[in-house]
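Each residue of the sequence shown is one higher than the one before, starting from 0 at the first, in numbering that gives the first Met the number 0. C-beta: ideal position from N, C-alpha, C; glycine also. Worksheet: the structure to be examined is printed underneath.
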Amino acid sequence: MNFDKLADLLFPNITKNIEDYMQIYPRRNITGEVTRLAPSPTGFLHIGSLYGAIIDYFCAKKSNGVFYLRLEDTDDKREIAGAGQIAYDMLKYYNVLPNEGYRGELSPIGEYGPYIQSKRKEIYQAFCKELVKKGRAFPCFCEKSENKEDILQRREQQLEESGIIAERDVCRTLTYEQIEKNIKDGKPYAIRLLSMGDADKTFEFNDLIKGKRQVRQNIKDVVLLKSNGMTPYPLAHVVDDYLMGTTIVVRGEEWYPSLSQHLEIFNALSLKPMKYAHTPNICKYDEASGTKRKISKRKDPEADVRYFIEKGYMPEAIVEYLINLLNSDFEQWRVNNPHKDVLEFPFSIKKIGSNNPMFDMVKLHDVSKNVVARVPANLLADSIINWAKNYNPKLYTIIANKKDYLTEILRIDRENKKPRKDLGSYDEFESLFSYMFDELYVPISKSFLGADKNTIKNILSQYIKLYNEGDDKQTWFDKIKSLCEPNGYCADMKTYRENPSAYKGSVADVSGIIRIAITDRENTPDLYFISKILGQDKVISRLKDTINRVEQKS
Ligand code: GLU
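In structure tokens:
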């Protein structure tokens, strides 16, 4: 068969060849790594994509390379409008922004575009034409006319005859004349790779995450161009990552089984493939079945990275948690370097384990508490107000104009060497600090640490007389102590529990009772500061209200 003639028959309008494209997209003149995130715009940005993007970002940043974003929109049936913009916005929000490529509404950056696959059809066709010329691709007229049953029957027959399903297409053997006739008759066709692989042979492949493994040669005549002119993943990946100069393809584990197809296409085009890093799948513990499973797009809200924004997690917290899953020594590094930029962490692709990591919300929350604890109070106040504006309108009406008040609250026990770690996500603010806002404060005071009615009343009424918001901390503390022993109230519940008989009369933790009277909580940040922020009048009225409530209780 004259393949040049066939190539011209199939692609009469394609005039550029792959050398032309190599000139248009010359090899990059940089030594750093070139990485990319290549999401399909099918909805939202998956947590697994953010996980991959962190690897891309680190590899490019640390080597002074390039991290670019490419939109893989070749499957228009699955495409959801606006999803590309969401992907870009999310990378921006999580601070792992690519420095080249697609940018949603903004014009793209870079010399290697278009960065949207649907705008690269001609380029794919030129590469496909080259494969036809080399005798490594052929037109296939089956798909449309054959129904599923015919295909299955054909495969069974293959299996019987040769013992393997070669996936080798029947159209391989069509003559030029038959092809020409089919085309004249207007029959739709796809272009397939003519695989030369051997099912019994393997080759060694060194994946940056999975390590060295034996991989079976490809034997599938994969579709390179569909009859509708779209290019499925294999050829689009090879062409784009080659021309765009990618040096490491970081992509999900689910692509590993088709790796040999991609490598065969590289080989057929005489192009050198880049390095690959197939990332393990993020899993979770499934309560219902009691097993570990992949985080599911359909079942798990946390698959969509917008979920964490809605819950009020700081982007840094999610990123730090994901780095933890990638490089397990990050946690200790962070303990040793609480204020360093994450980019200073010695991240390495080699430290990524090949086991599927477990996504654990409890652990994430813990990491997040550490991250939030490092944030200065005034910035945190801004973030909480912003978050409430979008996700908690009721809270927003209460705090919108109270930034200074919020800052004072958040400053208690913060901005010191051992900051308080109680807030993990902004959505906890309301319940954690409801007592600081009359609009949110609904005391129930069921328990006063086991103290009896008279004790509570005595302590609180004496404290009302003593409390003065102008007192310094020591004076305030001394006043509380003066209400303790030897006046009959135990200052220390722990001591009491250990040796109850040592105490006569009422038993209660004096400061605990005062705390509950003012905040309705057994645990709060420093009561001295809370009282000062609430102010003398509010403290006294809360104490009085509590006395009334206790009196009304039978
Ligand atoms: N578009 C593919 C996906 O969203 C990307 C795979 C790749 O990174 O190469 O799964």
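Could you check whether the Cβ of V221 sits closer than 7 Å to any heavy atom belonging to the ligand GLU? Translated into positions along the sequence shown, residue 221 becomes position 222. No - the ligand GLU has no heavy atom lying nearer than 7 Å to the Cβ of V221.
For S39, is the beta carbon positioned less than 7 Å from some heavy atom of the ligand GLU? Within the sequence shown, numbered from 1, the residue matching residue 39 stands at position 40. Yes, since a heavy atom of the ligand GLU falls inside the 7 Å radius drawn around the Cβ of S39.
Same chain, Cβ closer than 6 Å to A86, neighbours up to 5 away in sequence not counted: Walking along the sequence shown from the start, residue 86 turns up at place 87. Correct list, in chain order: P38 and L44.
Give me the Cα-Cα distance between K537 and F428, rounded to the nearest whole angstrom. On the sequence shown, residue 537 is found 538 positions in, with the first residue counted as 1. On the sequence shown, residue 428 is found 429 positions in, with the first residue counted as 1. Roughly 21 Å between the two C-alpha positions.
For I348 and C58, which I take to be in contact (beta-carbon distance under 8 Å), what is that distance rounded to the nearest angstrom? Taking the first residue of the sequence shown as 1, we reach residue 348 at position 349. Taking the first residue of the sequence shown as 1, we reach residue 58 at position 59. About 6 Å separates the two Cβ atoms, so the contact holds.
At a threshold of 7 Å, does G251 count as lining the ligand GLU (C-beta to nearest heavy atom)? Taking the sequence shown and counting its residues from 1, one reaches residue 251 at position 252. G251: yes, Cβ under 7 Å from the ligand GLU.
Rounded to whole angstroms, what is the Cα-Cα separation between E526 and R514? Position 527 of the sequence shown, counted from the first residue, corresponds to residue 526. Position 515 of the sequence shown, counted from the first residue, corresponds to residue 514. The residue asked about is misnamed: residue 526 is Leu in this sequence, not Glu. Near 7 Å, if we compare the C-alpha coordinates of R514 and L526.
Please classify K119 as buried or exposed, where buried requires at least 16 neighbouring CB atoms within 10 angstroms. Taking the sequence shown and counting its residues from 1, one reaches residue 119 at position 120. Contrary to the premise, residue 119 reads as Arg rather than Lys in this sequence. Buried is the call here.
Restricting to Cα atoms, I'd like to know which of P40, R69 and I383 is closest to K310. Locating residue 310 in the sequence shown gives position 311, counting from the first residue. Among P40, R69 and I383, the Cα nearest to that of K310 belongs to I383.
Strictly by DSSP, which residues pair up with M357? Locating residue 357 in the sequence shown gives position 358, where the first residue counts as 1. Answer is C282, bridged to M357.
Looking at the structure shown, is A235 part of a helix, part of a strand, or coil, going by DSSP? Counting from one through the sequence shown, the residue named residue 235 turns up at place 236. DSSP places A235 in helix when its eight states are reduced to three.
Restricting to Cα atoms, I'd like to know which of S62, G134 and K15 is closest to N1. As a working note, residue 1 is residue 2 in the sequence shown. Out of S62, G134 and K15, G134 has the C-alpha closest to the C-alpha of N1.
Between which residues of its own chain and S460 is the CB-CB distance below 7 Å, once the five residues before and five after are set aside? Locating residue 460 in the sequence shown gives position 461, where the first residue counts as 1. Excluding residues within five positions, the ones whose Cβ falls inside 7 Å are I546.
Give me the Cβ distance between L70 and Q116, rounded to the nearest whole Å; I'm assuming they're in contact under 8 Å. The residue given as residue 70 occupies position 71 in the sequence shown. The residue given as residue 116 occupies position 117 in the sequence shown. Going by Cβ atoms, the distance from L70 to Q116 rounds to 7 Å, so yes, they are a contact pair.
Taking 7 Å as the cut-off, is the beta-carbon of W386 closer than that to any non-hydrogen atom of the ligand GLU? Position 387 of the sequence shown, counted from the first residue, corresponds to residue 386. It does not: the Cβ of W386 is nowhere closer than 7 Å to a heavy atom of the ligand GLU.
Cutting at 8 Å between CB atoms, please list the residues of its own chain near K60, excluding the five before and the five after it. Taking the sequence shown and counting its residues from 1, one reaches residue 60 at position 61. Answer for K60: F66 and L342, listed in chain order.
Complete beta strand (DSSP E) runs within the region 174-228 (minimum length 3 residues, chain order): 189-192, 201-206, 210-215 and 222-224
If you draw a straight line from the alpha carbon of E554 to that of S367, how long is it in whole angstroms? Summary: the structure shown does not reach residue 554, with the chain confined to residues 0 through 553, and so no result is reported for it.
Kindly indicate which residue of T454, D470, E468 and K472 has the alpha-carbon position closest to the one of C483. In the sequence shown, counting from the first residue as 1, residue 483 sits at position 484. Ranking the options by Cα distance to C483, first place goes to T454.
For the ligand GLU, is there a heavy atom less than 7 Å away from the beta-carbon of V131? Counting from one through the sequence shown, the residue named residue 131 turns up at place 132. The answer is no for V131.
Can you give me the Cβ contacts of K503 inside the same chain, cut-off strictly under 7 Å, excluding the 5 residues immediately before and after it? To locate residue 503, count along the sequence shown from 1; it is residue 504. Note that K503 has pLDDT 46, beneath the 50 cutoff, so the model's placement of it is unreliable and the number below is only indicative. Here the set comprises nothing.
Quick check: the Cα distance between K472 and G109, rounded to an integer number of angstroms? Start at 1 with the first residue of the sequence shown, and residue 472 comes out as number 473. Start at 1 with the first residue of the sequence shown, and residue 109 comes out as number 110. In a straight line, the C-alpha of K472 is about 60 Å away from that of G109.
Taking all protein chains shown into account, decide if E555 is buried (16 or more other Cβ within 10 angstroms of its Cβ) or exposed. Outside the displayed range of the chain (0 to 553) lies residue 555, so it cannot be described from this structure.
How big is the Cα-Cα spacing for Q260 and M195? Here residue 260 refers to the residue found at position 261 when the sequence shown is read from its first residue. Here residue 195 refers to the residue found at position 196 when the sequence shown is read from its first residue. For Q260 and M195, the distance between alpha carbons rounds to 11 Å.
Tell me the DSSP secondary structure of V554 in three-state form. With the chain running from 0 to 553 in the structure shown, residue 554 is simply not present.
Does at least one heavy atom of the ligand GLU sit under 7 Å from the Cβ of H236? Locating residue 236 in the sequence shown gives position 237, where the first residue counts as 1. Flag set: Cβ of H236 near the ligand GLU.
Only counting the same chain, and skipping five residues up and downstream in sequence, which positions put a Cβ closer than 6 Å to that of L533? Residue mapping note: residue 533 aligns to position 534 of the sequence shown, counting from 1. Result list for L533: empty, nothing under 6 Å.
Give a yes or no on whether the minimum CB-CB distance between F43 and chain C is below 8 Å. Looking for chain C here will not work: only one protein chain is present.
K480 classed as buried or exposed, judged by whether at least 16 other C-beta atoms fall within 10 angstroms: Taking the first residue of the sequence shown as 1, we reach residue 480 at position 481. That one is exposed.
Contact set for K296: own chain, Cβ-Cβ below 6 Å, skip 5 residues either direction: Taking the sequence shown and counting its residues from 1, the one referred to as residue 296 is at position 297. Excluding residues within five positions, the ones whose Cβ falls inside 6 Å are A302.
Are at least three pairs of beta-carbons, each pair with one atom in the region 45-52 and one in the region 11-24, less than 8 Å apart? no
Cutoff 8 Å; reference Q535; Cβ partners in own chain excluding five residues on either side: Start at 1 with the first residue of the sequence shown, and residue 535 comes out as number 536. These residues qualify, in order along the chain: Y466, N467 and E468.
Cutting at 6 Å between CB atoms, please list the residues of its own chain near W332, excluding the five before and the five after it. By 1-based counting over the sequence shown, the position of residue 332 is 333. Result list for W332: F344, in chain order.
By DSSP, does C483 sit in helix, in strand, or in coil? What you label residue 483 is simply residue 484 of the sequence shown in a count that begins at 1. In this structure, C483 counts as coil in the three-state DSSP scheme.
Is D303 helix, strand or coil by DSSP? On the sequence shown, position 304 is the one that residue 303 refers to. Strand, per DSSP.
Grouping DSSP H, G and I as helix and E and B as strand, with all else coil, what is S106? Here residue 106 is taken as the residue at index 107 of the sequence shown, counted from 1. In this structure, S106 counts as strand in the three-state DSSP scheme.
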